[in-house]
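Its first residue numbered 62, the sequence shown is counted upward by one per residue in the numbering used here. Quick reminder that beta carbons are idealized off the backbone N, C-alpha and C, glycines included. Notes to accompany the following structure.
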Amino acid sequence: MGGFFSRATRAKTMEDEALEDAPLCPIAVSDAARRVELLDSFEAAGLGWFWATDAQGRLIYLSQNAALKLGWNDGEAIGKPLGDLFMTEQDDDPNRTERPLAFLLSARNSISQLNVRLAVAGQEVWWEIAGKPQFDEAQRFTGYRGSAKDITRSRESQRDAERLAQYDSLTGLSNRHRMTKRLSATLAAYRNSKRSCALLMLDLDRFKQVNDTLGHPAGDELLKQVAARLGRIVGDKGEIGRLGGDEFQIMLPDIDDRGALGELGQRLIQMISQPYSINGARAIIGTSVGIAIAPYDGLDTEELVKATDLALYAAKGGGRGQYRFYSSDLQDGAKHRRQVEEDLRDAITNSELSMHYQPLICAKTHTVQACEALMRWEHPERGSISPGVFIPVAEEIGIIKEMGDWALREVCRQAKEWPVDLRVAVNVSAIQFSHDDFAHVVKNALHYSGLSPDRLELEITESVFLGDADRSQRMFAELKDLGVRLALDDFGTGYSSLSYLRTAPFDKIKIDQSFVRGATEEGNNNAAILSAITGLAAALKMDTVAEGVEAEDELALVTERGATLIQGHIFSRAISHEELLERLEQGKLKYEPRGPAKYRADRKRVFRRIGLIHEDSRYRVVMRNLSKTGAMIEGLLDVPQGTDIVLDLGGGQLAVATVRRSKGSMQGVEFETQLISDGADGLCTRHRVSPYQIEAAGRPLAALTQDAYSMMVAEQLGSGRKKFVEVEVGNPKPGSGI
């Protein structure tokens, strides 16, 4: 064996030291030879190898097969430190918890089943080694005797098994177990280092329809494509997981800017809503996003996940295709939604639903040409409930078809009573349209009401094109055979395709109000988009409806850009059937535009008690309205213009502002930093008071409460003499303002 020990010496090395002094006899020699032969066979079979070191940790023996594994020639190993065989203390294994090899050797401890990686360039080779320290008669350390075996394959198998346990086999994303483990570890570490971590929860809208119409293999392919899109958007900024079904989770370390998170949420919604090509078929889905941030909304995994779930629940309840930030009042919202679910099932039976009508006005003559039917729900105890709340609930609990069929019958019956032959438009849900009996339902509604088919217009959103395109075309053909008109609703949003206009027999395009809003502002491209849509519709001999027109400058613009019909509050809100019938009977067919001269950023009417901080005093005031740029408040007398204040909007939200207008007890204030959208109809601050700041002020570390900031500064504020006089504010008065 060249530089290696002779076989006789090797046998002596591996034998019990007592054999050295044993008298030679045929039996002893025979036993030693057999033992050497067995060791040779063991090594040659690759079942394991042997190694030995001197007192200085240098190799004095290494099995030849083991040396070859390392790429060493005969005898090259002798004299090398044992540690040179292996990489530095498992640098690539951050989860390692056992003592490193260097420590065990220096402490002269026994080694058992220790996994080590060999220092082999360009390869990943792992051994499992064992060894015992050796001592002479004087108990002096003489070195180690040990064994080794190659565990590379078994380790790879173990890694594969661990990966299967941590990653989703379909998409390759982290699974629920790994996401929970990673989130828990991150939150624990970040709590000590005072860092933040955002969590997003996504739920796919209309995914079940893909499975039902195209099959589960198509659904699996869709999930893979969704995962790929998520990866492109998030990149290396965070970790993405699939929790199961159509639920996804995104963890984003070191981010608490709700403006940036809102923009990300909107990008996720827009990207996922783009069409998918699956085995030659076209699939269209959407998504809703819930957002929560640690430590603001929760400190541990359970608390933060619950907050994100509630935010997602609110986003879905707001009409889907939305993102929503968590806030403490969502607890009440979730409870309210569950109550809505229970009561909605009885709404039709109890005659709580009714149809209201919003006129569609001729852009040139300002006379009414048609009306859109809109469903309303008057709850006997809670009053009017917004369609944005109960329509998504109806879809989720599976009664939207029943409600849609009822609406169709009711609208046809009421329109037949009108003294003027106006057209009436009815919204059709994708679920209602997907049923094979839909054309039959329409036919029956026309038959029993006696309404002329050409007066009925069915407003259909682009989501009806999901799935079987041939089936959609057959349904369009059946409806046109009945003589009804078809309108494409919300054109230009989400995933519009010109192929819809080429293949579907639409009579009208409705331009979504998002293209009308802000179109008159300098630098806004919406005006050009309006021109393109109306020009396209005119070429295809279709009418166009501009939705959501509220200001006179908007009316002038959409008229100039060629809209056929106008729908919006500048002419009329949706009114009850009784009010419409009375107006038609009186012959009041012409409408006068009534609205502000110019569009301005939405200013929402509110009646909310908030905190106001000035110098070292805190006041209680009422906020009357709110926009991104400012608010109107009431409750302090004669506050001078130019006064700098801070509004405490609750939940750790502070808005630095300056008084720009003041009259009596009312002030108009301008924010130093604009508020941002909360993803629905509300506004919120980009940043909040950090729970870490509250903790530094002597309070326990906890998620933000609604009155978080006032708790922190209770001792500092209110002790001095107040500069302004507080007045009691009653209920809102119509037309109040400054």
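Can G713 and R749 be called in contact, C-beta distance under 8 Å?
-> yes
Using the C-alpha atoms, what's the distance from S334 back to I590?
-> 20 Å
What are the partner residues of G416, as DSSP defines its beta bridges?
-> Note on residue identity: the sequence assigns Met, not Gly, to residue 416. According to DSSP, which records beta bridges pairwise, M416 is partnered with M436.
Proximity below 8 Å, CB of A376 to CB of Y384 | yes
Who are the near neighbours of H630 in its chain, counting only those whose CB is closer than 7 Å to its CB and skipping five residues on each side?
-> E611, G656
Looking at F552 and Y680, is the spacing between their C-beta atoms short of 8 Å?
-> no
Which whole runs of the alpha helix (DSSP H) in the region 191 to 230 are 4 residues long or more, in chain order?
-> 213 to 227
Is I570 closer than 8 Å to L549 when the C-beta atoms are compared?
-> yes
Coarse secondary structure for T410, derived from DSSP in three states | coil
Three-way DSSP call (helix, strand, coil) for S334 in this model | coil
Residue nearest to S215 in terms of C-alpha spacing, selected from W187, Q400, I737 = W187
For V271, which of M262, L261, L283, A289 has the nearest alpha-carbon?
-> L283
Residues bridged to V682 by DSSP?
-> I671
In three-state terms, what does DSSP make of I311?
-> strand
Among E198, G118, I139, D197, the one whose alpha carbon lies nearest that of S167 | G118
Near T213, what residues of its chain come up, given a Cβ to Cβ distance below 6 Å and the 5 sequence neighbours on each side ignored?
-> V186, W187
Check the C-beta distance from T114 over to L120 and give it rounded, since I have them as a contact under 8 Å.
-> 6 Å
Of the residues E520, N585, Q534, the one placed nearest D568, counting alpha carbons only = E520
Among N236, Y228, S171, E300, the one whose alpha carbon lies nearest that of S208 | S171
Would you check if the distance between the CB atom of L19 and the CB atom of I311 is smaller than 8 Å?
-> Nothing can be reported for residue 19: it is not among the residues displayed for the chain, which extend from 62 to 799.
Provide the residue span of the alpha helix (DSSP H) that contains S495, from first to last.
-> 491 to 495
What do you reckon, are the CB atoms on Y652 and I422 nearer than 8 Å?
-> yes
Helix, strand or coil for I590 per DSSP?
-> helix
Beta carbon of R239 nearer than 8 Å to that of I346 = no
Looking at C-alpha atoms only, which residue of L618, I627, G623, T690 is the closest neighbour of E608?
-> I627
Terminal residues of the continuous alpha helix (DSSP H) containing V545?
-> Per DSSP, V545 belongs to no alpha helix (DSSP H) and is neither H nor E.
Please determine, among A342, N236, R406, A538, the residue with the shortest C-alpha to C-alpha distance to E456.
-> R406
Span separating the alpha-carbon of G140 from that of A127 = 15 Å
Out of H675, G326, E189, which has the shortest C-alpha to C-alpha gap to K701?
-> Per the sequence shown, residue 701 should be read as Pro rather than Lys. Among H675, G326, E189, the Cα nearest to that of P701 belongs to H675.
Beta strand (DSSP E) segments (min. 3 residues) lying fully within the region 327 to 394 | 337 to 339, 342 to 344, 347 to 355, 384 to 386
Apply the 10 Å Cβ neighbour rule to H638 and answer buried if 16 or more other Cβ atoms are within range, or exposed otherwise.
-> buried
Kindly indicate which three-state DSSP category R241 falls into: helix, strand or coil?
-> What sits at residue 241 in the sequence shown is Thr, not Arg. In the structure shown, T241 sits in a helix (DSSP, three-state: H, G or I).
Considering only C-alpha positions, which residue in the set T369, P336, A249 is nearest to E523?
-> P336
Going by beta carbon distance, what residues of the same chain come within less than 8 Å of Y753, once the five residues before and after it are set aside?
-> K255, P356, L762
Compare the C-beta of G323 against all C-beta atoms of chain D and say whether one is closer than 8 Å.
-> Looking at the structure shown, chain D is missing, and only one protein chain is on hand.
For N176, the first and last residue of its enclosing alpha helix (DSSP H) = Per DSSP, N176 belongs to no alpha helix (DSSP H); it is in the beta strand (DSSP E), 172 to 178.
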